[in-house]
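For reference, the structure discussed in these notes is given below.
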Amino acid sequence: MSPRRPKPLLTILVDDQGAWVRDQDGQLVGRLQDAPAGEARRAAWGDALREAAPPGTQVQLLFGHSTLVVQCQEVPYLNAKEVRDVAARLSSVSNPAIPHQAAGVLDTDPGAEGGHVIWVAGLPSAELQEWVEAIKRAGLTFGYAVPTQRAMLRGMEDSPDMPDDRLVLTLERGYQGHLYVFHGRSVALARAFAVPEDSEEADEVVYAEISRLLQFYKQKNRGITFSHIYLLGLRHLSPALQNRIQGTLRLSVAVVTTDLWPLLLKGLTLERNRRDGLNMVPLEIQEAFQRKLLRGTVWLAAGLMLLLFIAAGAMLYLQQLSLKFEADRAENALALREAKSTEDGRIVLQRFPLLQTKLAEQRQVEATKAIAHLAKLLLETPEGMRLEKVEINQVPGDAVSHQFKVSGLALTEKAFSVGPLAQYAEKLSHEKGVKLAPISEVEVSDRIDTGAGEIDQRAVTRFTLEGTAQ
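Per our numbering, the sequence shown starts with residue 1, numbered consecutively.
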């Protein structure tokens, strides 16, 4: 997957020398030629911007020219509506005769009275409208506008070891120089001056401007001292000028950056990423852009929802196909099992009579063996016993089991005749699988010879035994 290309962006730096256009990579594209205010300027700038960037490109402006009004004041906390009201009042006070487009932002500053500093930036409405029309004619989008001083302050936020009160110099020979005094989170003083191309003349002008600004500022703020002058956008001052500043003005020269543009661009990006950052774009354009962005977000969300529905439908369809496939496979498997069961049943039905016959034969053999063993066991009696009746019946059921009933006599002459019965019963009870029922019929008496009328046998025991054998 190829990396996503950054959204096209055009940045314009406006100062008293003109408007300088840079592309999204920070490369200088060119300069917008000045033209008489009005329709001619809008047409000229619109044509130049159309050639500089494709339609839809966002434009961000850095204002640093003399018609820009920037004020900072120490205030207590203000909400967003109060910040807009204060910005509108301060901008109208600076020049009541000319309508201004104003914007403001509130910064937290522990060193300020009230704990906060408000930045107010104002630009004549007619001038800002020319930019709006020119950008619109070029087919571009007016995205952001901020004063150069604000971008410079934000760009220097992470510079180490910088005091709250600092003097900053930007210098371009042959064009323009700027001096700024920053106090905490506010810009206390700003001065722009022309810089001659001749080096000696430029050094004299720079020294005079620094000296004049320091005198003016220290008269209004007694007790304030500066130990350094910070350079932005240049490598160094000439040795003569540097020695003169250090010797006469007691200022050490420190280079913050040799290229001003990356610092300004970083500060602009930080301010733009802030939710309530300073933005001089007219409020109606900001709201229209927000509505467009919201509309795009809604359409994107709708598209994502549609894609989710399509994906969910596809997943359900695939799941349905999978379930149908599994159902068909289960039906096929069931049909195979039923066919196999039918075949097995057919085989069983064919073999069942044979199996029944074999089982019956086997059961008959087992029953014969069991009844033979039981008969042998029952018929083996101790001496002095005589069996009169033996009944053996097979018990219905899967297991081979028999019920038996034995009746007879125990003859022991002069001895006690129950003894042989006890021996017989004990022998049967110790046999494995044989269970005797309690003896319920036992009769002991003398046997009389009916012919002679005399006792034929003493102590004759008549008994009946019942039980089961497995």
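Heads up, the beta-carbon is just placed ideally off N, CA and C, and yes, glycines get one too.
Measuring straight from C-alpha to C-alpha, what distance separates residue i and residue j?
i	j	result
A252	P96	For clarity, residue 252 is Ser in the given sequence; the question names Ala instead. Taking the straight line joining both Cα atoms gives about 42 Å.
W45	Q149	24 Å
Y77	V187	19 Å
G408	E388	5 Å
A312	G184	57 Å
A134	L268	22 Å
G467	A399	16 Å
L336	L323	20 Å
H402	R462	24 Å
L428	S341	50 Å
L106	R137	33 Å
V348	L355	9 Å
I392	Q362	20 Å
P55	L49	10 Å
L321	A314	10 Å
D165	R41	40 Å
A437	G397	20 Å
L32	G18	7 Å
By a C-beta neighbour count over all protein chains shown, 10 Å radius and 16 as the cutoff for buried, is residue i buried or exposed?
i	result
I224	exposed
T141	buried
E331	exposed
P147	buried
N279	buried
W299	exposed
T108	exposed
M152	buried
S238	exposed
P420	buried
Y144	buried
R222	exposed
F309	exposed
F489	Outside the displayed range of the chain (1 to 470) lies residue 489, so it cannot be described from this structure.
R274	exposed
S2	Interpretation of S2 is limited by its pLDDT of 37, a score under 50 that renders its predicted location unreliable; no figure is taken from the coordinates.
According to DSSP, residue i sits in a beta bridge with which residue or residues?
i	result
G104	V120
D15	G18
R166	F182
K435	T468
A190	Y180
R31	W20
A145	L61
F463	G408, V442
E74	V117
A375	A375 is not bridged to any residue.
Can you give me the Cβ contacts of residue i inside the same chain, cut-off strictly under 6 Å, excluding the 5 residues immediately before and after it?
i	result
E441	T464
F63	V14, P147
T11	R22, Q60
G30	V21
G139	P55
CB of residue i to nearest heavy atom of the ligand GTP: below 7 Å?
i	result
R244	Because no ligand of any kind appears in the structure shown, any question about the ligand GTP cannot be addressed here.
Excluding the 5 residues preceding and the 5 following residue i in the sequence, name in chain order all residues of the same chain whose CB lies nearer than 7 Å to its CB.
i	result
I424	Residue identity differs from the one stated: residue 424 is Tyr in this sequence, not Ile. Same-chain partners within the cutoff: T381, P382, M385.
V256	M156, S159, Y230, L231, L232
D16	H65, S66, Q176, A192
A87	A102, A103, G104, V120
L123	F63, T67, L68, H100, Q101, M280
E366	V400
Round the Cβ separation of residue i and residue j to the nearest angstrom and send it over; I've been treating them as touching at under 8 Å.
i	j	result
L232	L265	That belief does not hold up - the Cβ atoms of L232 and L265 are roughly 13 Å apart, past 8 Å.
Y217	V181	6 Å
L374	F352	No, L374 and F352 are not in contact; Cβ-Cβ is about 31 Å, not under 8 Å.
L378	V395	So it is not a contact: roughly 16 Å between Cβ atoms.
Measuring only between beta-carbons, confirm whether residue i sits less than 8 Å from chain D.
i	result
L465	In the structure shown, chain D cannot be found, because there is only a single protein chain.
Leaving out five residues before and five after residue i in sequence, what residues of the same chain have Cβ atoms less than 8 Å from its Cβ?
i	result
G115	P76, Y77, T108, D109
A327	none
I245	Y207, I210, I229, L237, L251, V253
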